[in-house]
Amino acid sequence: MIEIPSDLHKDLVPLAFLLGNWAGAGVHDFPGAEKCNFGQEVAFTHDGRDFLEYRSHTWVLDGDGNKVRPLESEHGFWRIDAQRKVEVTMTRDDGVIEIWYGELADQKPQIDLVTDAVARTAGSRPYSGGKRLYGYVKSDLMWVGEKQTPEVELRPYMSAHLKKVVTPEEVERWAKALPDDMPDDGIAFFK
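All residue numbers for the sequence shown refer to full-length UniProt numbering, where the first residue is 1 and numbers rise by one.
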């Protein structure tokens with residue numbers, strides 16, 4: 001279910017499907033780096049202004065699904081204009097800053113992004129750009145990222161399947177919003 005908060009900036013309504021806390025797992029595979037499964041936590045929040053704040057933390061998982069060590073962290077800001085063009089500014093923990101541009105697909109919650117500018121610190125690993133695809137599929141958030149370096153052509157390197165994290169406060173708010181005339185047996189609700 002996509003909920004649109006009453007204090008969400010009107011320009012951000014098309015991105016409301018991203019809002020919330022998400023958690024899940026994915027696969028990381030890029031030449032010169034360890035191929036691994038990873039866990040991920042993502043948060044898209046807002047404070048009433050015309051952008052979403054984005055935070056992502058990933059960590060390597062062992063064969064039993066336990067956290068081994070951090071993998072990547074990102075922090076950024078997402079905006080959208082009236083023509084459904086999306087812009088993202090993002091900072092990564094490894095010393096890379098990116099500007100991404102793309103657009104929200106017509107009639108579906110899917111965003112295609114491509115890097116427009118990349119700045120790197122002297123200590124960061126080689127990186128020259130990337131592409132990302134985010135999609136809201138059957139109430140889940142899925143994404144795939146591609147990247148390129150001076151030595152490696154653009155290719156997929158990470159993808160994940162994330163589920164919405166529901167807090168006890170959200171459950172309580174939803175419970176209070178239920179109508180008083182809900183059927184006792186629950187079965188009548190589906191008839």
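Note that beta-carbon positions come from the ideal geometry of N, C-alpha and C, so glycine has one too.
Coarse secondary structure for Pro168, derived from DSSP in three states: It is helical.
Buried versus exposed call for Ala33 [16 or more other C-beta atoms within 10 Å across all chains shown]: Flag for Ala33 reads exposed.
Leu113 and Val88 closer than 8 angstroms at C-beta: Closer than 8 angstroms, so yes.
Residue nearest to Trp100 in terms of C-alpha spacing, selected from Gln110, Phe77, Asp93, Asp94: The residue with the shortest Cα to Cα distance from Trp100 is Phe77.
Euclidean distance between Cα positions of Lys131 and Glu169: Cα-Cα distance, rounded: 36 angstroms.
Secondary structure of Phe38, DSSP reduced to three states: In this structure, Phe38 counts as strand in the three-state DSSP scheme.
Cβ pair count under 8 angstroms reaching 3, the segment 53-66 against the segment 23-40: Because the criterion of three Cβ pairs below 8 angstroms is met, the segment 53-66 and the segment 23-40 touch.
Minimum C-alpha distance to Ser159 - residue among Phe51, Arg173, Pro14, Glu72: Closest in alpha carbon position to Ser159, among Phe51, Arg173, Pro14, Glu72, is Glu72.
Exposure label - Glu146; buried when at least 16 CB within 10 Å: Under this definition Glu146 is a buried residue.
Close-in-space but distant-in-sequence residues of the same chain around Gly135 (CB under 6 angstroms, 5 per side omitted): Gln110, Met142, listed in sequence order.
Distance between beta carbons of Lys163 and Ala23, contact taken as under 8 angstroms: Right, the Cβ-Cβ distance comes to about 6 angstroms (below 8 angstroms), so this counts as a contact.
Nearest to His57 (by Cα), restricted to the options Arg49, Gly48, Phe44: Among Arg49, Gly48, Phe44, the Cα nearest to that of His57 belongs to Phe44.
Contacting residues, own chain, Cβ-Cβ under 6 angstroms from Glu41 (five flanking each side not counted): Counting only Cβ-Cβ distances below 6 angstroms, and skipping sequence neighbours, we find Ala23, His57.
Sequence-distant residues of its chain with Cβ nearer than 8 angstroms to Val13 (five each side left out): Counting only Cβ-Cβ distances below 8 angstroms, and skipping sequence neighbours, we find Ile4.
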